[in-house]
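Student:
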Amino acid sequence: MLTAVVGINWGDEGKGRMVDLLSESYGIICRYQGGNNAGHTVINDKGKFVLNLLPSGILRESTVNVMGPGMVIDLKHLAGEIKNLTDCGIKITPENLKISDKAHICMPYHITQDICEEDRLGDKKYGSTRRGIAPVYGDKYMKKSLRMEDLQDMKAAQERLEEIIEWKNLTLKGYGEQVELRSVLAWLERYYQEVAPFVTDTSEFLANEAGKGSDIMFEAQLGALRDIDYGIYPFTTSSQTLAAYAAIGAGVPGVKLDNVIGVTKAFSSCVGEGPFMAEFFGEQANALREAGGEYGAATGRPRRVGAFDVPASKYGVRMQGATTLALTKMDVLSYMEQIPICTAYEIDGVRTDKFPSGDRLLRAVPVYEYLEGFRTDISKCKSASQLPKAALEYVRYIETAVGCPIKYVSVGPGRDEYLELE
Ligand code: GDP
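In my numbering, the protein residues as written are 1 to 422.
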């Protein structure tokens, strides 16, 4: 079984907890895009873990975790993540962690460039996490980046790096910054050592496993609306967050997915800048943010929060090709008397349920409907029949509105706090 677990919206939908839950029946979990610019929070019997780079399956002993060639990897950050988990007693070995030799390396100068550019943009900033992700993906496509495999021959890597840094310094000069080859080499040597045992040809490994019929789960970062091509460009991430990219970013372009599990929250949240139509403000926003603990896993930034957005989610479901949905954080809505849902937009006075792009999106005004609140703690519910009628009606409303069956509803952050719908 080949399954992708992906985000339907702006990211932070709770994919990490769904992968942690569902990974039990998958021997292999693979991250296929992005870097340490987002975080998955997983709470299980071993504790609470924030994973920025490592696949969420790393917390299960028998799971093999793959970091695919579509990823960009900050070696220092990864070494730190590995150490944190090892310090908590989690075993990480070349048997359970495999890093693609073709993944690109996010360098300290990418972070410098990211920070300088966000600062230069001022009020017009993209809301980058300032972790170098856009510059490293940019360099990848400019063919001026180093990959993991390049570090297997440090002498050759140094030669290439000399030329790259000469070029990079031309850009950095405009910001009043320069990088030195020596310090970049020292950084690479120090942190590559710590991850080198895990670097391998993950493509061959996955192709063999897929050929044997092994169960593989592909884990996405962020959501459909942050996809570089189909998201809210330019407020997107710099990689492809869609399930269709999973096989490519993982290193097995020829395989076909059996399932796409789309994860969506019972309300909306968005970290960073960009159009976010059904946004709450003031007290209404504070109440939801506090109830949901909506602060960025990677940066601690308060997230923007709002109502479930039907046009955006319907679009996310379509772009992801979702075959089933997991609706997370349903318990968070229990304080609401009435639950607002954004069912359509009005653009220039015309109502639409289609998700627009470009300028039209900026002019979209949300249209709300209100469903009855359930006003009770649902965190102990283990089946649909235990859910209050109003909560089940809310779930069914969303299912019909976005046109995809909801199979899982999570009612708390813990591994067992969820229920399955028929
Ligand atoms: P991801 O990047 O998509 O994995 O999402 P994040 O990890 O950034 O955000 C999800 C947050 O919601 C984490 O702090 C989870 O522990 C928490 N969470 C996930 N599911 C639930 C749920 O059903 N109820 C509550 N209250 N919290 C949840």
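We put the CB at the ideal spot given by N, CA and C, even for glycine.
Let me know the secondary structure DSSP gives residue 11 once reduced to three states.
Tutor: Reduced to three states, the DSSP call for residue 11 is coil.
Student: Please tell me whether residue 252 and residue 324 are closer than 9 Å, where the distance is taken between their beta carbons.
Tutor: No, the pair does not count as a contact, with Cβ atoms beyond the cut-off.
Student: Going by C-alpha distance, which of 397, 34 and 356 is nearest residue 129?
Tutor: Answer by Cα proximity: 34.
Student: Name, in chain order, the residues that DSSP records as bridge partners for residue 352.
Tutor: Beta-bridge pairing links residue 352 to 345.
Student: Please go through the same chain and pick out, in chain order, the residues whose beta-carbon is closer than 7 Å to the beta-carbon of residue 273, but skip the five residues on each side of it.
Tutor: These residues qualify, in order along the chain: 125, 126, 127 and 235.
Student: Quick one: measure Cβ to Cβ for residue 262 and residue 307, integer angstroms, because I've assumed they're closer than 8 Å.
Tutor: So it is not a contact: roughly 18 Å between Cβ atoms.
Student: Should residue 148 be labelled buried (16 or more other beta-carbon atoms within 10 Å of its own) or exposed?
Tutor: Residue 148 should be labelled buried.
Student: From the DSSP output, read off the bridge partner residues of residue 260.
Tutor: Paired residue(s): 4.
Student: What are the complete beta strand (DSSP E) segments, minimum 3 residues, inside the region 212–253?
Tutor: Fully enclosed beta strand (DSSP E) runs of 3 or longer: 216–223.
Student: So does residue 317 have its beta carbon nearer than 8 Å to some heavy atom of the ligand GDP?
Tutor: No.
Student: Give the single residue among 362, 417 and 359 whose Cα lies nearest to the Cα of residue 387.
Tutor: Looking at the Cα atoms, 417 is the closest of the given residues.
Student: Helix, strand or coil: how does DSSP classify residue 302 here?
Tutor: The answer is strand: DSSP assigns residue 302 an E or B state.
Student: I need the DSSP call for residue 173, collapsed to helix, strand or coil.
Tutor: In the structure shown, residue 173 sits in a helix (DSSP, three-state: H, G or I).
Student: What's the C-alpha gap between residue 243 and residue 8?
Tutor: Rounded to the nearest angstrom, the two C-alpha atoms are 10 Å apart.
Student: If you measure between the beta carbons of residue 68 and residue 23, is that distance less than 9 Å?
Tutor: In this structure, residue 23 does not lie closer than 9 Å to residue 68 by Cβ.
Student: Tell me whether residue 41, by its Cβ, gets closer than 8 Å to a heavy atom of the ligand GDP.
Tutor: For the ligand GDP, at least one heavy atom lies less than 8 Å from the Cβ of residue 41.
Student: Less than 8 Å between the CB atoms is what I'm expecting for residue 219 and residue 5, so what's the real figure, rounded?
Tutor: Yes, they are in contact, since the Cβ atoms of residue 219 and residue 5 sit about 6 Å apart, within 8 Å.
Student: Could you tell me whether the region 164–180 touches the region 203–215, using the rule of 3 or more Cβ pairs below 8 Å?
Tutor: As far as the Cβ criterion goes, the region 164–180 does not touch the region 203–215, which means the pair count is below three.
Student: So with Cβ pairs under 9 Å, would you call residue 374 a contact of chain B?
Tutor: As a matter of chain content, chain B is missing from the structure shown, which is built from one protein chain.
Student: For residue 70 and residue 249, which I take to be in contact (beta-carbon distance under 8 Å), what is that distance rounded to the nearest angstrom?
Tutor: Going by Cβ atoms, the distance from residue 70 to residue 249 rounds to 2 Å, so yes, they are a contact pair.
Student: Would you grab the beta carbon distance between residue 258 and residue 1 for me? Rounded to a whole angstrom, and I think it's under 8 Å.
Tutor: Yes, they are in contact, since the Cβ atoms of residue 258 and residue 1 sit about 5 Å apart, within 8 Å.
Student: Out of curiosity, what's the CA-to-CA distance linking residue 354 and residue 86?
Tutor: If I take the Cα positions, the gap works out to 47 Å.
Student: Between 42, 50, 346 and 143, which lies nearest to residue 311 when the distance is taken from Cα to Cα?
Tutor: Comparing Cα positions, the closest option is 346.
Student: Taking the straight line between their C-alpha atoms, what separation do you get for residue 320 and residue 113?
Tutor: So the two alpha carbons sit approximately 31 Å from each other.
Student: From residue 335 to residue 293, what distance separates their C-alpha atoms?
Tutor: Distance between the alpha carbons of residue 335 and residue 293: 14 Å.
Student: Just verifying my parser: in three-state terms, what is the DSSP assignment at residue 308?
Tutor: In this structure, residue 308 counts as strand in the three-state DSSP scheme.
Student: What are the boundary residues of the beta strand (DSSP E) that includes residue 51?
Tutor: That run of the beta strand (DSSP E) goes 47–51.
Student: Keeping to the same chain, check which residues put their C-beta closer than 7 Å to that of residue 369; ignore five residues upstream and five downstream.
Tutor: Taken in chain order, the residues that qualify are 341 and 343.
Student: Where does residue 230 land, buried or exposed, given buried means 16+ other C-beta within 10 angstroms?
Tutor: That one is buried.
Student: Pull up the CB-CB distance for residue 222 and residue 11, whole angstroms please, since I reckon it's below 8 Å.
Tutor: Confirmed, about 4 Å.
Student: So, are the CB atoms of residue 145 and residue 139 less than 9 Å apart?
Tutor: In this structure, residue 139 lies closer than 9 Å to residue 145 by Cβ.
Student: Pull up the CB-CB distance for residue 133 and residue 106, whole angstroms please, since I reckon it's below 8 Å.
Tutor: Contact flag correct, Cβ pair sits at about 7 Å.
Student: Is it the case that the region 189–200 contacts the region 279–294, given that we only count it when at least three CB pairs across the two stretches are under 8 Å?
Tutor: Because the criterion of three Cβ pairs below 8 Å is not met, the region 279–294 and the region 189–200 do not touch.
Student: The beta strand (DSSP E) spanning residue 420 covers which residue range?
Tutor: Unbroken beta strand (DSSP E) run through residue 420: 418–420.
Student: In the structure shown, what three-state DSSP assignment does residue 369 receive?
Tutor: Reduced to three states, the DSSP call for residue 369 is strand.
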